[in-house]
Ligand code: BGP
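In UniProt numbering, the protein residues as written are 1 to 500.
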């Protein structure tokens with residue numbers, strides 16, 4: 001049986017890690033534009049300024065005090081400013097995607113290209129035109145665009161002026177953005193993802209949180225906030241989930257054929273042993289990751305939500321009507337990222353995170369240079385877990401191996417480890433479809449062309465089939481070249497996954 005006819009093979013990227021052109025075409029500053037690279041001063045930093053002029057620095061996942069302004073500081077390198085410059089290379093890049101035979105390409109829209117300040121009344125026509133061109137170029141090759149509205153980014157002005165997603169007002173600004181692009185591309189785009197990885201959204205970068213309980217210099221990886229901010233985070237995510245449901249409502253009035261997706265980081269989690277405390281601990285962490293898909297796909301907070309709120313001493317603030325909105329406008333499919341599995345160990349419970357990014361080592365698995373365990377079978381496990389739980393179509397919108405590539409003297413790149421990683425994962429996807437009868441729409445490996453790493457800001461952590469000549473400091477020619485995996489993946493698509 002194999003992969004179904006029409007299976008959507010492709011690749012995925014996000015604007016703040018790929019697009020560049022940060023001050024071109026009338027685009028406004030986004031919070032991600034303030035993030036330094038993480039190579040000189042790990043972790044990545046964001047500078048802020050108090051109303052009295054004092055300046056400070058916060059880590060990637062931390063929050064800013066109310067009233068502080070994010071600022072750009074001279075002498076630092078901000079990877080998203082040029083990233084790998086899709087802005088000026090989109091025709092060339094899309095031609096390469098087409099050459100690989102992509103059926104779908106996942107991109108995100110930079111909010112500040114459309115609404116430079118987030119709260120503007122009128123959209124920036126030049127920004128819309130850029131994406132008109134990108135989408136038309138994709139359609140020219142028969143590539144279906146899969147569009148993410150929010151991918152680890154937001155207008156800086158909304159963070160500075162309103163305190164980011166802690167403020168319910170953000171829902172209206174988000175809906176204005178959503179409506180503008182739904183209407184604009186109603187006959188061109190069918191698949192939408194309202195928010196990237198809701199369950200790992202954390203601090204200033206991703207939610208633009210403002211909070212009085214800042215701890216200067218605190219940080220954590222990939223947007224996970226310190227516990228002190230858990231309440232702001234949960235409240236902000238509630239606002240996001242209401243915004244996402246209202247976007248679904250809006251979308252269906254604009255074009256009833258739209259397919260609206262929820263999106264989560266759902267790498268798997270295992271207990272370290274069969275000790276009941278490990279097993280239940282792993283289960284508790286898993287439901288912290290699943291609570292948001294439970295709300296977005298089933299339409300209500302699950303019973304165990306209260307246990308999580310109690311743990312963080314948090315009281316959810318809702319408004320009249322929220323319950324009904326969440327219940328009525330659930331998403332059509334569940335998109336998710338899968339990179340690895342993680343292990344819950346009762347002796348070191350705090351190393352585990354809800355997105356499955358950290359955790360104790362797994363002695364049975366090899367890991368990437370960044371310590372991410374490589375676990376193809378775990379993907380079959382997660383596909384089954386999610387399909388059993390929700391009975392809605394799934395879409396793997398991120399998967400892949402962040403690795404260090406070696407460019408040979410003749411310019412070739414033999415990325416055999418990456419090919420192995422993807423081959424083994426695709427085999428397990430096939431098993432999930434063929435043996436377990438999981439309903440899967442498509443597969444878009446992450447960073448199909450080299451882009452900036454979200455977690456570290458580095459260029460040396462690469463996922464692409466296409467190499468971009470650029471170093472960790474942004475130096476290079478931006479020249480594109482095909483890696484060995486490019487030819488391999490092209491054949492996978494041409495044979496609909498038969499030849500791996
Ligand atoms: C996911 C994000 C992506 C991407 C990926 C890999 O969580 O949605 O934006 O970057 O992780 O992470 P990294 O770039 O840190 O290797």
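No residue lacks a Cβ here, since even glycine has one placed at the ideal position from N, Cα and C.
heavy atom of ligand 1 below 7 Å from residue i C-beta
i: residue 305; result: no
i: residue 460; result: no
i: residue 197; result: yes
i: residue 208; result: no
i: residue 200; result: yes
i: residue 455; result: yes
i: residue 446; result: yes
i: residue 32; result: no
i: residue 17; result: yes
i: residue 510; result: In this structure the chain extends from 1 to 500, so residue 510 is not present and cannot be described.
i: residue 68; result: no
i: residue 337; result: yes
i: residue 402; result: yes
i: residue 320; result: no
i: residue 86; result: no
i: residue 14; result: yes
i: residue 247; result: no
i: residue 152; result: yes
i: residue 265; result: yes
i: residue 398; result: yes
Residues near residue i in its chain [Cβ-Cβ closer than 6 Å; skip 5 each side]
i: residue 355; result: With a pLDDT of only 49 at residue 355, under the threshold of 50, the placement of this residue in the model should not be trusted, and no figure is reported.
i: residue 414; result: 484
i: residue 244; result: 194 and 195
i: residue 304; result: 287
i: residue 37; result: 77, 79 and 457
i: residue 3; result: 496 and 497
i: residue 447; result: 463 and 464
i: residue 6; result: none
i: residue 50; result: 68
7 Å CB neighbourhood of residue i in its chain, flanking five on each side removed
i: residue 250; result: 175, 178, 179 and 182
i: residue 348; result: 360
i: residue 423; result: 500
i: residue 469; result: 476, 477, 478 and 479
i: residue 1; result: 434
i: residue 428; result: 376, 377, 379 and 380
i: residue 82; result: 20 and 474
i: residue 258; result: 190, 192, 251 and 252
i: residue 314; result: 230, 231 and 234
i: residue 31; result: 70, 153, 154, 156, 159, 204, 205 and 208
Residues near residue i by beta carbon distance below 8 Å, same chain, minus five either side
i: residue 298; result: 330 and 390
i: residue 34; result: 46, 47, 70, 71, 72, 78 and 156
i: residue 27; result: 21, 110, 112, 113, 116, 124 and 127
i: residue 325; result: 242, 245, 246 and 249
(message) Suppose only complete runs of 4+ residues qualify. What are the alpha helix (DSSP H) ranges in the stretch 4–35, listed by chain order?
(response) The stretch 4–35 contains these whole alpha helix (DSSP H) runs: 15–18.
(message) I'd like to know if the stretch 390–408 and the stretch 447–462 are in contact, where contact means that at least 3 CB-CB pairs between them fall below 8 Å.
(response) When C-beta atoms of the stretch 390–408 are compared with those of the stretch 447–462, three or more pairs fall below 8 Å, so the two segments count as touching.
(message) Tell me whether the stretch 336–344 and the stretch 259–270 touch, counting them as touching only if at least three CB pairs, one residue from each stretch, are closer than 8 Å.
(response) The stretch 336–344 is in contact with the stretch 259–270.
(request) Report yes or no: do the stretch 105–114 and the stretch 5–19 share at least 3 C-beta pairs separated by less than 8 Å? (result) Contact holds: three or more Cβ-Cβ distances are below 8 Å.
(request) Pair every Cβ in the stretch 187–198 with every Cβ in the stretch 141–159, then say whether three or more of these pairs are closer than 8 Å. (result) Contact between the stretch 187–198 and the stretch 141–159 is present, with at least three C-beta pairs closer than 8 Å.
(message) So, does the stretch 365–372 touch the stretch 287–307, judging by three or more C-beta pairs under 8 Å?
(response) Flag = no, the stretch 365–372 and the stretch 287–307 do not touch.
(message) Is it the case that the stretch 374–389 contacts the stretch 315–327, given that we only count it when at least three CB pairs across the two stretches are under 8 Å?
(response) Under the three-pair Cβ rule at 8 Å, the stretch 315–327 does not count as touching the stretch 374–389.
(message) Is it the case that the stretch 115–122 contacts the stretch 150–159, given that we only count it when at least three CB pairs across the two stretches are under 8 Å?
(response) With the cut-off at 8 Å, the stretch 150–159 and the stretch 115–122 touch.
(message) Which complete beta strand (DSSP E) runs does the stretch 373–427 hold, if anything under 3 residues is left out?
(response) As summarised for the stretch 373–427, the continuous beta strand (DSSP E) elements at least 3 residues long and confined to that stretch are 394–398, given in chain order.
(request) Count the CB pairs spanning the stretch 125–136 and the stretch 158–173 that are closer than 8 Å, and state whether there are at least three. (result) Proximity of the stretch 125–136 to the stretch 158–173 falls short of the contact definition, fewer than three beta-carbon pairs being nearer than 8 Å.
(message) Closer than 8 Å is the cut-off here; do at least three beta carbon pairs connect the stretch 17–32 with the stretch 86–96?
(response) By the Cβ rule, the stretch 17–32 counts as touching the stretch 86–96, because three or more pairs are nearer than 8 Å.
(request) Within the stretch 295–358, note down every full alpha helix (DSSP H) run reaching 4 residues or more, in order along the chain. (result) You should have 305–311 and 322–328.
(message) Quick check for students: name the residue ranges of the beta strand (DSSP E) that lie wholly in the stretch 79–117, counting only runs of 3 or more.
(response) Here the runs fully enclosed are 104–108.
(request) Mind listing, in chain order, the continuous beta strand (DSSP E) runs of no fewer than 3 residues lying wholly within the stretch 419–497? (result) Complete beta strand (DSSP E) runs here, min 3: 440–443, 466–468 and 480–482.
(request) Give, in chain order, every unbroken run of the alpha helix (DSSP H) that is at least 4 residues long and sits entirely within the stretch 120–167. (result) Secondary structure in the stretch 120–167: the alpha helix (DSSP H) runs of 4 residues or longer, each lying completely within the stretch, are 125–140 and 156–162 in chain order.
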